[in-house]
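Student:
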Amino acid sequence: MRLRGRKGIRENLEQQTDLVVLEPHTYKGRWHEFFGNDRPIYVELGMGKGKFVSGMSAKYPEVNFIGVDMYDELVRRASDKARAIWAAQGVDSPPNVALARANIETIEEIFAPGEIDRVYLNFSDPWPKARHARRRLTHPRFVEKYIEMMNATGEIHFKTDSETLFEFSLNSFADMGLQMTNISLNLHRDGINEEHVMTEYESKFMGKGMNIHRVEVIIGEEAMRSYQDRKQAAALKAAHDEAELRDEDDQDDTQDV
Ligand SMILES: C[S@@+](CC[C@H](N)C(=O)[O-])C[C@H]1O[C@@H](n2cnc3c(N)ncnc32)[C@H](O)[C@@H]1O
1 MRLRGRKGIR ENLEQQTDLV VLEPHTYKGR WHEFFGNDRP IYVELGMGKG KFVSGMSAKY
61 PEVNFIGVDM YDELVRRASD KARAIWAAQG VDSPPNVALA RANIETIEEI FAPGEIDRVY
121 LNFSDPWPKA RHARRRLTHP RFVEKYIEMM NATGEIHFKT DSETLFEFSL NSFADMGLQM
181 TNISLNLHRD GINEEHVMTE YESKFMGKGM NIHRVEVIIG EEAMRSYQDR KQAAALKAAH
241 DEAELRDEDD QDDTQDV
């Protein structure tokens, strides 16, 4: 029976504990326990209906994949897709997939430092208005979160149809000292590049004859060090500010006496 309505979708998701994680913060630092192995973990942030994450899980069974999206309905659709792909291979429960319902704004509550090996950002919302730039998933405030989740060998793979988001993102990565490689302004110039698993949006944009832009970003030792330095400086400043506030409070108390 197909469950309908918001309550039905939630009940459906609650029953899929082998695949769907509705409280992903409970796995922070323990994702390897979910998968039952120590293999690398790749995460797609904003997976939509899950075509990419499912396709990747079947193509690379030696890697664990986590798809993240904030909508129950999309997580449900992604779960159908993952199960169908693995069922075609005679496997009931996708062994290397987790689908997490979460808001990327608070992604640091879900993954511990160094827990993730690669982040995929596929056709992230472009947020074209300048005043919305901070919402773009390649804004430095998000990239810092991704760096925190990975180590120096971590990578971000980014695909988009939007030329302006691509340009913004390359600048954002460069400003943070990240290394960029395999940059393409037209990924499927010579026909569909079979090496890459397509996403739903990618198929849609390809159908409209639009160019797909892609870049691979490597964090590297230097960017990791400068991130750690910035983090330490921010922590020292916060401690200093707090001490100053305490001193001011103490002085106020003395004057009151
Ligand atoms: C344009 S769609 C791309 C979907 C898919 N990656 C693809 O290429 O077909 C962007 C997706 O990101 C998700 N998303 C956007 N902001 C998010 C956030 N803050 N937290 C979680 N998911 C988010 C949306 O729900 C949507 O499914």
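Under full-length UniProt numbering, think of the first position of the sequence shown as 1, with each following residue one higher.
Even glycine gets a Cβ: it sits at the ideal position worked out from N, Cα and C.
Looking at Ser-79 and ligand 1, is the gap between the Cβ and the nearest heavy atom below 7 angstroms?
Tutor: The count along the sequence shown starts at 1 and reaches residue 79 at position 79. Flag unset: Cβ of Ser-79 not near ligand 1.
Student: Could you tell me the distance, in whole angstroms, from the CA atom of Met-1 to the CA atom of Gly-8?
Tutor: The sequence position of residue 1 within the sequence shown is 1, counting from 1. The sequence position of residue 8 within the sequence shown is 8, counting from 1. Model confidence at Met-1 stands at a pLDDT of 39, short of 50, so the residue's coordinates are unreliable; what they give is reported in the following sentence. C-alpha separation (whole angstroms): 11 angstroms.
Student: In angstroms with no decimal places, state the Cα-to-Cα distance between Pro-24 and Asp-253.
Tutor: The residue labelled residue 24 in the question sits at position 24 within the sequence shown. The residue labelled residue 253 in the question sits at position 253 within the sequence shown. Spanning the alpha carbons of Pro-24 and Asp-253 requires a straight line of approximately 45 angstroms.
Student: Exposed or buried, what is His-213 when buried is set at 16 or more other beta-carbons lying within 10 Å of its beta-carbon?
Tutor: Start at 1 with the first residue of the sequence shown, and residue 213 comes out as number 213. His-213 comes out buried.
Student: Just to confirm, does residue 321 get its C-beta within under 7 angstroms of one of the non-hydrogen atoms of ligand 1?
Tutor: This structure gives no information on residue 321, because the portion of the chain shown stretches from 1 to 257.
Student: Less than 6 angstroms between C-beta atoms, sequence neighbours within five positions excluded: which residues of the same chain meet that for Ala-98?
Tutor: Here residue 98 is taken as the residue at index 98 of the sequence shown, counted from 1. Excluding positions up to five away in sequence, the list reads Val-21, Phe-34 and Ile-66.
Student: Can you find at least 3 beta carbon pairs, one from the region 164 to 176 and one from the region 237 to 245, that sit closer than 8 angstroms?
Tutor: no
Student: Three Cβ pairs or more, each shorter than 8 angstroms: is that satisfied between the region 115 to 124 and the region 32 to 49?
Tutor: Judged by Cβ distances under 8 angstroms, the region 115 to 124 makes contact with the region 32 to 49, as three or more pairs qualify.
Student: For Ile-156, I'd like the list of residues in its chain whose CB is within less than 7 angstroms of its CB, leaving aside the five on either flank, ordered along the chain.
Tutor: Position 156 of the sequence shown, counted from the first residue, corresponds to residue 156. If we look at Ile-156 and ignore the five residues flanking it on each side, its Cβ neighbours are Val-119, Leu-121, Tyr-146 and Val-217.
Student: What are the uninterrupted segments assigned as beta strand (DSSP E) that are 3 or more residues long and contained completely in the region 123 to 164, given in chain order?
Tutor: 155 to 160
Student: Tell me, please, which residues DSSP counts as bridged to Ser-184.
Tutor: Numbered from its first residue, the sequence shown carries residue 184 at position 184. Looking at the DSSP assignment, Ser-184 forms a beta bridge with Arg-214.
Student: Along the chain, where does the alpha helix (DSSP H) containing Tyr-71 start, and where does it finish?
Tutor: Translated into positions along the sequence shown, residue 71 becomes position 71. Neither: Tyr-71 is in no alpha helix (DSSP H) and is coded neither H nor E.
Student: Are at least three pairs of beta-carbons, each pair with one atom in the region 101 to 108 and one in the region 135 to 149, less than 8 angstroms apart?
Tutor: yes
Student: Which one or two residues does DSSP pair with Tyr-42 in a beta bridge?
Tutor: Here residue 42 is taken as the residue at index 42 of the sequence shown, counted from 1. Paired residues: Phe-65 and Arg-118.
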